[in-house]
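Residue numbers (our numbering), protein chains in the order written: chain A, 3 to 142; chain B, 3 to 142; chain C, 3 to 142; chain D, 3 to 142; chain E, 3 to 142; chain F, 3 to 142.
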């Protein structure tokens, strides 16, 4: 558990929102990332905007196996997230790629294409992606 | 007050800058966001670069009522910030939209357009925008 | 009719595809833009990819009246297209904004927000957007 | 041959550069695209900037077979080009994907991921990508 | 004069707008680029939107000599335009850099930084930038 | 030392990775930024992907003195990072610019070009860049 998570855990419920607001992006552990993601997805879903809810459903289906398998599609999602430089998206697709059986070596080749296409501006996101990979290994 | 803010408050003045540097983006409470924003705007203004100072003045005026009202212009600023994926800008325009009388339902419709135009890469920023909305409710 | 369209019209059918490929973006008249758009949308639809077809349906619905009216939503789509610098998208939303009753003065205010948010990099797209507005007037 | 290419072919050598400048992006046939590409690559190479020349060499190697095969890597390059909305890059990788054995159905699935990740702003580039696919079929 | 410009010149005044709309971006000669630019800037200025007009004034002043000279500032504008992949902006700053005395070798070094920072996605814009340089030489 | 760094320093080795994952971007002190950067660069290098390692080597060389000096090239890298809105890249090039002898006034002029080119969306990154400059002064 991170110091921040520990501090949060020690607080009496209900958890004040200001703390949870910080649980985003490159600053949180994978567990905190997942919690924030799930919590906010629920809030968004409950807001009941039909367009947004349909988009989320469509997003979920875009990576289902078709002519291309799940692993390939998740690697496509990963490289897209990398060149568009979205840390949260990269984290999400790294997790999914690993679940779909991608090896570290394969992921490095995905990152290599993203780096050449997107340039040095991609490097900080590459560092954080590799940090997430390391973090995942530490959790096993 | 957040744990970080509390730690800062306990420090003897003058506050070392390295701590304040961390008070940015998705990681800070709205109060910390405002303090960092105001402090740095002052430092930038005092640097005396004419182009930068004129840009800031122009930026302030771009959302004044014209043929379109303030609320509409702020929603235009919000959706632009969303598709360009700038959390700080989104936070700023969410605050301004609320001040101009936008309802949560209207903001969700702004987000819906931003999501369809900008794609799933916008989702993490949507989560953080909705988190800011929640945070604002908690402050009332 | 443009010289290119005239040259095409003088050709015996079937029209070779290579010519039609050129009918895109900033280079074509509004009529050519519409023809290319409709023709390719049909080809894409017929390809039968479920995710793509659902996205197109969702895109069509995102601008329907809700709490915000069609004109406001189209202006949101327009400013998003402007800051993301997509000429075809700008052309499309300029047409839709005019159909929804937006005045030239209102569109200039939308462009003004887009310009300040997106910077001088937006200027060439602003020029082309205004050129489309002029073209539409010439067609009445 | 396109009317523009025919007009060029009728001109006495040396071909004035101003005409060739137009042979770019979405406006040219695949043949013109290739000619412009090869001609300018040669000019760039001859300029002798070491960083640029090394980058071009690295770019060429990034898609060579490794743990992932050429087809997968080219699809990664294609989806990256799609979400970054670069028509020339899309055209290039569509050609390479077809050479590596990708089917139309597979390419549509690559486009589907790009569309969901990148949003409706990607649609005009999707239309042009599919137009290139059609053009390639017409050339067989 | 390009074939398109010749076709336009043969038309009776007033020149229909739809033709001029095509005179943009990578498809036009430098003369056509300048004419379209000047014509549309005038239309935009006459629309009388204060924010837009002030932005244009600010844009003009941003490259005036300060602590850094005009040539350095124009090179900064050029590399920014390159990594943001705006052909018209690149063309504009290439012209201004040459006027400010930048050599071809210096421009290639600017392009090299832009290429490494922005990645292979920048290459088509690099080709067009070098094409503009060639075109300028042919005009002397 | 920041509170987070102090908390980390008090932990028994080996340092759990989850904590280090947080040491990125706008949230860390310059020292933490450097440590994370160096640590992850080593992990990436050791992964042995040839394309990635060559890109890193090329990136290092792109800013070496040529016809343009190091200071000018670093300012080109800085303005590119600013308009592409990459905080880590901005931090890196601010450090390098200062090492190459750039004055604060020169850096503000670089920022001014970046701001006008990239628009108000650049402002949060400008604030963080100036915060880094302040932090560097506090370290002397």
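Just so it is clear, CB atoms sit at the ideal spot from N, CA and C, and this is done for glycine as well.
Along the region 57-82 of chain D, going in chain order, the ones with a CB nearer than 7 Å to a CB of chain E are 57 and 61. Counting the other CB atoms within 10 Å of its CB gives residue 63(F) a total below 16, which places it among the exposed residues. If you compare the alpha carbons of 34(F), 38(F) and 139(F) with that of residue 132(A), the shortest gap goes to 38(F). Chain order gives no chain C residues near residue 92(F), where near means a beta carbon separation below 7 Å; the closest approach is about 16 Å. Between the alpha carbons of residue 44(C) and residue 114(D) lies a gap of roughly 16 Å.
For residue 86(B), the closest of 90(C), 89(C) and 81(C) by C-alpha to C-alpha distance is 81(C). Contact between residue 109(A) and residue 135(A) holds, since their C-beta atoms are separated by about 7 Å, short of 8 Å.
Close to residue 112(A), with beta-carbon spacing below 7 Å, are these residues of chain D in chain order: 78. DSSP places residue 31(D) in no alpha helix (DSSP H); its state is neither H nor E.
Beyond the five residues adjoining it in sequence on each side, residue 106(D) comes within less than 7 Å, by CB distance, of 135 in the same chain, given in chain order.
Under the criterion of beta carbons closer than 8 Å, residue 99(E) and residue 126(C) do not qualify as touching, at roughly 18 Å. A distance below 7 Å between beta-carbons, with the five flanking residues on each side excluded, links residue 124(A) to the following residues of its chain, in chain order: 84, 85, 87, 116 and 117. DSSP places residue 74(B) in the helix class (H, G or I) of the three-state scheme. From the beta-carbon of residue 123(D), the residues of chain C found nearer than 8 Å are 82, 83, 86, 88 and 91.
Under the three-state reduction of DSSP, residue 55(E) is assigned to helix.
Non-local C-beta neighbours of residue 96(C) in its own chain, meaning closer than 8 Å and more than five positions away in sequence, comprise 80, 109, 131, 134, 135 and 138, ordered along the chain. The beta carbon of residue 75(F) is closer than 6 Å to those of 65 in its chain, skipping five residues each way along the sequence. Per DSSP, residue 140(A) is one residue of the alpha helix (DSSP H) stretching across 125-141. Here DSSP, grouped into helix, strand and coil, assigns residue 39(C) to helix. Residue 53(C) has a beta carbon lying within less than 9 Å of a beta carbon in chain A.
Within chain C, the residues placing a beta-carbon under 7 Å from that of residue 118(F) are 121 and 122, ordered along the chain. Around the beta carbon of residue 141(B), fewer than 16 other beta carbons sit within 10 angstroms, so the residue counts as exposed. Straight-line spacing of the CA atoms in residue 30(C) and residue 129(C) works out to 15 Å. Sixteen is the threshold: since fewer than 16 other Cβ atoms of the shown chains lie within 10 Å of the Cβ of residue 67(F), the residue is exposed. In the three-state scheme derived from DSSP, where H, G and I count as helix and E and B as strand, residue 108(D) is classed as helix. Counting only the Cα atoms, residue 91(F) lies some 9 Å from residue 122(A).
Residue 86(E) sits in coil when the DSSP states are folded into three classes, being neither helix nor strand. Ranking 46(D), 71(D), 102(D) and 35(D) by CA distance to the CA of residue 59(D) puts 46(D) first.
The beta-carbon distance between residue 51(F) and residue 111(A), rounded to whole angstroms, is 7 Å. This is short enough to meet the 8 Å contact definition. Here residue 120(B) is buried. Its C-beta has 16 or more other C-beta atoms within 10 Å.
Taking all protein chains shown into account, residue 34(D) has 16 or more neighbouring C-beta atoms within 10 Å of its C-beta and is therefore buried. With contacts defined as CB atoms closer than 9 Å, residue 78(C) and residue 42(B) fail to qualify as a contacting pair. Rounded to the nearest whole angstrom, the C-alpha separation of residue 56(D) and residue 72(F) is 19 Å. Counting only Cβ-Cβ distances below 8 Å, residue 39(F) has contacts in chain A at 129, in chain order.
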